[in-house]
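Written below as structure tokens is the structure these notes are about.
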């Protein structure tokens with residue numbers, strides 16, 4: 001992922017040095033397990049750990065280059081690493097990797113990295129959820145117009161909008177927790193996964209020490225349906241980001257102006273037009289969501305490996321595992337900051353809510369008419385007539401409010417007089433169940 | 001979905017009549033709930049049910065056409081349906097849909113349909129799992145070569161291969177169960193989801209009767225992250241199908257011939273070449289998997305609806321909800337039948353396993369040499385030398401088995417004599433842990 | 001594709017009967033070619049044509065079912081068709097399909113169908129281009145605000161907006177023409193494409209009669225990169241549809257109201273809210289665009305068939321070839337109708353353009369200041385200051401126009417007085433090059 | 001893109017310094033154009049070029065960091081760059097970027113970069129085409145079995161296989177040339193694309209100097225359908241790579257062994273199994289193809305920008321423009337090297353071709369029987385019977401060749417005796433048209 005969209009903590013998970021350190025840890029733990037069951041000498045395991053651990057811990061850029069140089073000859077990354085480690089460990093290095101195959105190391109390492117990445121993403125989501133909850137509570141009763149199809153529908157509150165996004169990200173968090181469990185498995189089963197030359201107890205030992213589950217049946221590789229499910233979970237979270245970002249983009253439109261991304265002192269919105277303040281963060285998040293969604297496509301194609309394994313998944317994962325997690329981590333944190341600092345304009349929300357002459361209350365009048373005995377079809381026509389008359393005259397000298405247009409309609413006023421209409425359109429009814437919904441989303445309190 | 005890939009039971013879930021029947025059930029239940037809390041007269045709910053139920057139950061193609069005709073005028077599908085129902089119910093029809101909006105009906109109906117579709121798919125998976133288990137048990141100890149990169153690696157058993165696929169489909173089943181729970185929610189919250197004109201108790205009542213959970217916060221629509229997660233789950237299952245189909249395609253290759261799709265009496269493999277027996281079912285499944293994966297892409301784009309809802313998701317779902325579930329249902333059942341009837345050739349498996357002169361035991365020799373004191377690097381080189389010599393002479397007059405080539409290498413024979421080599425390569429070692437893996441996958445017994 | 005989004009003319013291309021008629025035509029033409037070079041008796045070709053043509057022309061649903069019944073035994077669609085044809089042709093039927101393989105028929109038929117579908121789509125685009133041109137000409141000089149990031153930027157005209165979409169669809173048309181040429185090839189090369197038993201002259205003859213190019217090298221199948229490119233071209237056109245649909249959705253927002261989809265007498269916008277007039281066509285088009293884009297994904301996966309061919313592409317194409325072309329055909333015609341009838345509100349456009357107190361002219365002031373000697377950075381700061389002051393006071397008692405705020409700034413008024421400002425902000429400058437752009441898009445006149 | 005899959009020449013196109021140098025060139029050319037038409041002083045343009053050119057040419061990592069630092073304050077990349085340039089140019093810098101907007105610079109720069117990337121990719125394809133042609137010529141008449149469905153079909157030549165891939169990559173090259181033309185356009189049209197403050201002659205001048213076409217109508221941005229088409233073209237080429245890579249993977253299978261990736265001295269195929277030689281390059285290419293295909297998905301979503309532009313495309317393109325072109329460049333060169341060094345085993349091809357007892361000639365016998373008067377259905381059954389008998393006895397003591405089984409069938413031998421059968425199955429017929437196909441693909445000679 002380009003530096004622009006990368007945060008150091010997530011990048012660090014995917015660095016070559018981090019990967020090599022995990023590789024060593026897997027090999028050292030496996031050696032210890034083998035020593036404990038007598039497959040290799042106890043001394044060998046001890047020496048591997050004692051000499052290997054500091055060597056692995058101190059891996060530098062130069063060391064990475066040295067390993068790369070060995071790989072250029074062997075054309076095999078794990079062998080290159082083992083060869084380089086052996087240079088520091090000495091003859092006992094021959095007891096490393098006994099009965100194992102490179103996938104045991106690679107796939108278990110990837111599991112550790114993906115689990116760590118998932119942990120970061122879950123923490124990101126926690127921060128986002130906290131921000132959304134705070135703003136939702138703050139605006140629990142801030143009236144604003146609810147829109148369907150981009151058209152004013154009925155009143156809602158800004159807090160309710162945020163509560164909906166909170167619930168969606170809470171679901172996304174649950175999906176990430178499930179996805180983490182999917183990928184956090186350890187396989188040390190040797191070639192084609194039969195444990196022919198490595199005891200299953202080694203796998204159990206390493207899994208336990210690394211906090212992973214044992215992969216029940218690996219075919220040399222950990223099956224890639226797990227990873228596909230993981231990247232799909234990221235894609236759904238990314239799409240939730242896009243939904244909230246799109247909301248902000250809409251609210252910041254010049255004609256709407258109900259909310260606005262924080263505009264920093266010194267910030268310039270456009271190289272040409274000094275008046276511009278643009279929702280560039282939300283737009284950026286929209287693009288990042290597209291990227292993360294796109295990464296799910298090759299992840300799904302990775303599932304159908306040939307026979308016990310092929311290595312076509314590898315190039316895909318070398319790219320998308322860091323790219324998707326780094327981009328999503330960045331996007332979540334950017335979104336959190338954006339929502340924390342979002343400037344909200346309740347007065348403008350109120351003005352927009354009133355701007356269509358009251359037609360947003362049309363349903364309640366329709367219901368009152370049917371309750372008063374009119375057929376649904378007739379009531380619909382009468383209310384639609386009054387609403388359209390209101391709407392079409394907006395901003396013209398002939399403008400007349402929805403209430404007045406209703407009263408001017410004989411079929412309506414025959415059933416509902418002014419006070420009855422006012423009762424039907426009482427705005428308190430719109431918010432009567434806000435607390436119910438908040439309780440559902442945020443629990444009691 | 002084209003008829004060719006459709007089974008009646010799944011198609012039925014998505015028929016117009018089925019949809020209208022669910023719509024009616026939602027409206028009738030909602031009316032009953034409203035009557036029970038006094039929003040509408042009790043008689044109205046009774047009459048809606050009594051007159052409406054038989055009308056809905058008997059919806060014919062002609063009725064569907066009649067509703068379509070109304071829709072051509074109103075340009076609104078739910079209003080068209082309500083109008084048509086009202087024709088049979090009479091004046092009390094005005095108490096239907098009180099305070100509700102069309103999404104309440106549409107989205108709750110979709111939830112019912114998706115839950116039913118998921119149930120069918122889960123049953124399909126159960127049948128597939130049973131078939132895979134039966135064949136796995138049958139071939140638990142049928143030796144065959146394990147392949148990585150398409151190259152012979154080490155021995156495994158055909159049962160182990162199937163156990164791996166069983167475990168993958170069991171995970172797919174768990175994901176479908178989770179996905180079903182994601183989408184099986186009921187929303188009856190009225191315009192923009194505020195319950196302004198419909199009591200939350202109505203939603204609770206309908207949800208309970210339909211076996212759905214209450215949607216905690218709907219914004220007029222049930223949020224589409226749920227559906228995206230559902231279609232992603234289908235896509236991962238489809239990819240698992242492709243993995244097994246690809247295995248069968250490989251095993252049926254002319255050069256491999258280890259297994260074969262059942263060839264029916266009367267079947268013709270090619271219009272031109274009478275000798276052909278092709279793995280056409282597996283290839284068909286590979287294509288179906290691509291389709292189902294493809295449907296996840298627009299499902300993910302559907303998440304970011306505008307504000308409280310727009311209707312861009314609708315055209316997507318009208319197509320992919322039936323198409324993805326029908327195609328996956330068909331694919332699962334086709335795969336089950338194919339696996340049940342798969343012809344397996346153990347003799348050919350044994351012949352292939354032996355065909356490379358024994359080099360599939362190279363790792364065990366490598367380990368024996370390191371255990372005997374040789375460095376890993378030297379041992380690797382010696383064994384690689386013997387293996388390559390074996391491989392390259394295959395089928396030539398100079399052909400010599402791996403064992404003989406090893407013994408002919410002084411550095412090897414200095415450490416391992418014939419009996420030691422035989423002990424290292426003892427094929428019983430390859431299958432020592434098959435039972436362990438079977439227990440992990442299938443449990444005890 | 002579901003009937004809702006299908007037009008008869010495009011559906012007809014993909015009907016079973018249509019396919020069988022093309023199959024027969026290919027076989028009959030091939031027989032004639034073979035007769036002309038002496039491979040089969042001349043009489044045979046004549047009888048095949050004479051007896052077969054009426055049989056093929058009259059294929060009924062019952063015939064399709066009869067062919068299906070044969071396929072259930074042979075499990076091969078082309079053999080089933082040939083067997084059914086043979087029943088009507090008699091012994092000379094044995095001279096049909098000589099040296100050919102089913103792919104020769106299937107792939108050449110698909111080429112004919114895709115070419116026909118492309119022709120319809122190109123005609124659809126021509127209708128859309130005409131509609132866009134007419135509306136663009138009508139609104140060539142209708143001022144409206146141009147928006148970047150959803151924020152008012154500078155004035156433009158509504159005609160210019162439409163000119164941009166016209167140019168995009170003209171590019172889409174060119175891509176479809178290219179895509180049609182990609183797929184309109186004929187392959188009659190027999191098993192594995194070697195012409196071992198069919199003379200290349202047969203291919204040339206059939207290609208010529210069907211208006212197709214000869215496929216230079218087919219490997220039994222026409223290579224699927226051609227089809228992938230075709231579906232990608234559809235996906236790009238679909239995305240252009242989404243761009244225009246999104247524009248209309250924005251313009252119809254309650255706060256914007258610059259344009260509106262035609263609202264039919266009798267139409268109902270919402271089952272709950274009689275006041276609603278929603279941009280449902282544009283939203284529908286947005287969803288259809290997602291679908292068509294989604295179909296490109298499996299088309300791309302279809303390219304890598306195994307060896308000389310496998311049949312995994314077939315199930316994909318049976319679905320996406322009709323679905324993608326039918327959906328796109330429907331979408332293009334819907335979009336054309338929508339644009340023809342789009343209600344445009346120039347007064348509202350003018351009002352919106354003025355609604356931000358004149359800040360949309362900020363760049364021109366910036367430039368005037370730099371021309372008057374101020375540094376770009378200082379000018380930017382001064383203009384930004386005046387614009388933000390204007391913006392933030394909008395709708396408040398302290399509201400003051402951008403011009404006044406500029407004049408109140410000493411650094412500005414030191415360089416530009418009122419008349420100079422007015423000259424800088426002269427709106428005629430905004431539209432000085434509209435004709436230039438129109439000439440580029442629509443040519444002279 | 002990760003360094004592992006990056007080549008320096010393609011990476012260089014996308015470096016920050018390269019981008020800034022193109023930005024400067026655009027600004028300097030625009031200034032020169034403005035000076036030539038009198039919009040800015042001639043001296044200003046001269047000074048911008050004289051002072052700016054060396055500054056831009058020498059941009060170092062430290063300079064990039066300095067620009068980044070300015071961007072952190074302005075939160076605008078182009079303004080940051082202009083500010084940094086102004087520090088070196090002095091007061092005349094205020095005449096840079098007059099009437100332009102950042103998109104003018106960004107999009108025209110992207111066009112330059114994409115055109116350069118396309119040029120590299122086209123050169124890569126030329127190298128690949130040369131390699132494929134050379135190997136195709138070398139193996140023009142090397143017999144090998146053609147396979148459909150992975151099953152032996154009829155003889156072909158290895159050269160013919162390669163000719164098919166050559167033709168596919170030649171089409172890919174043509175698509176890249178078209179895609180290059182799509183994106184190689186220049187837009188300098190100012191805010192919302194109206195040329196309100198910048199003369200169209202500036203655009204024409206810059207376009208000419210940069211070798212770009214003028215964008216007929218830009219809406220501040222160059223429309224993204226162009227870029228979507230570009231990335232789709234890359235995706236189709238990537239899929240062609242996968243098809244050839246898949247072929248090599250199949251040919252290298254242990255049971256097939258007809259071709260093999262070059263195995264370097266010192267190379268190690270597996271950390272566990274010294275006997276392994278795996279087609280790792282082809283598998284790697286398969287994964288890279290998935291990546292490049294995946295990048296087309298967000299590119300298609302980028303098309304529907306809001307109004308005259310939003311910036312959601314930007315984050316997508318910052319990632320996929322380099323990633324897709326770098327990955328494809330790497331893949332093409334890797335494939336070229338792989339094909340140049342591919343080890344081909346004609347003897348093994350011949351052995352495989354003969355391995356099924358001659359059933360690969362079944363069609364020719366079928367045709368001979370129909371020519372001799374048997375109905376197609378009867379002939380099919382007879383030949384199928386003989387072929388299946390041959391096939392099923394393969395490798396058993398009862399094995400009997402296809403020819404013998406045919407002669408043993410009374411219905412066959414009644415029409416065709418031994419010499420007639422031999423004439424029908426004459427292998428020379430299989431290759432009679434190889435030259436025809438080669439001429440089609442490679443032209444005369």
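Chains as they are written, first to last, in the UniProt record's numbering: chain A, 1 to 445; chain B, 1 to 445; chain C, 1 to 445; chain D, 1 to 445. Every residue gets a Cβ at the ideal spot worked out from N, C-alpha and C, and that includes glycine. Note that the structure is predicted; figures quoted are calculated from it, not measured.
Does the beta-carbon distance from residue i to residue j come in below 8 Å?
| i | j | result |
| --- | --- | --- |
| residue 177 (chain D) | residue 122 (chain D) | yes |
| residue 430 (chain A) | residue 155 (chain A) | yes |
| residue 386 (chain C) | residue 422 (chain C) | no |
| residue 220 (chain A) | residue 191 (chain A) | yes |
| residue 97 (chain B) | residue 132 (chain B) | no |
| residue 115 (chain A) | residue 136 (chain A) | no |
| residue 57 (chain B) | residue 21 (chain B) | yes |
| residue 28 (chain C) | residue 49 (chain C) | yes |
| residue 117 (chain D) | residue 10 (chain D) | yes |
Kindly give me the distance between the Cβ atoms of residue i and residue j, rounded to whole angstroms, as I take these residues to be in contact under 8 Å.
| i | j | result |
| --- | --- | --- |
| residue 395 (chain C) | residue 357 (chain C) | So it is not a contact: roughly 10 Å between Cβ atoms. |
| residue 359 (chain C) | residue 391 (chain C) | 6 Å |
| residue 329 (chain B) | residue 120 (chain B) | 6 Å |
By Cβ distance, which residues of its chain are closer than 8 Å to residue i, with the 5 residues on each side in sequence left out?
| i | result |
| --- | --- |
| residue 262 (chain D) | 338, 341, 342 and 343 |
| residue 47 (chain A) | 89, 90 and 92 |
Who are the near neighbours of residue i in its chain, counting only those whose CB is closer than 6 Å to its CB and skipping five residues on each side?
| i | result |
| --- | --- |
| residue 407 (chain C) | 413 |
May I have the straight-line CA-CA distance separating residue i from residue j, to the nearest angstrom?
| i | j | result |
| --- | --- | --- |
| residue 16 (chain D) | residue 335 (chain D) | 29 Å |
| residue 140 (chain B) | residue 150 (chain B) | 22 Å |
| residue 351 (chain B) | residue 397 (chain D) | 15 Å |
| residue 229 (chain D) | residue 179 (chain C) | 12 Å |
| residue 61 (chain D) | residue 12 (chain D) | 14 Å |
Excluding the five sequence neighbours on either side, which residues of its own chain have a C-beta within less than 7 Å of the C-beta of residue i, listed in chain order?
| i | result |
| --- | --- |
| residue 39 (chain A) | 98 and 199 |
Against chain B, which members of the region 39-65 of chain A pass a CB distance test of less than 7 Å? none
Where the region 272-286 of chain A meets chain C: residues whose CB sits under 8 Å from a CB there: 272, 273, 274, 275, 276, 277, 278, 279, 280 and 283
Using a Cβ cut-off of 7 Å, which residues of the region 350-374 of chain B contact any Cβ in chain C, in chain order? none
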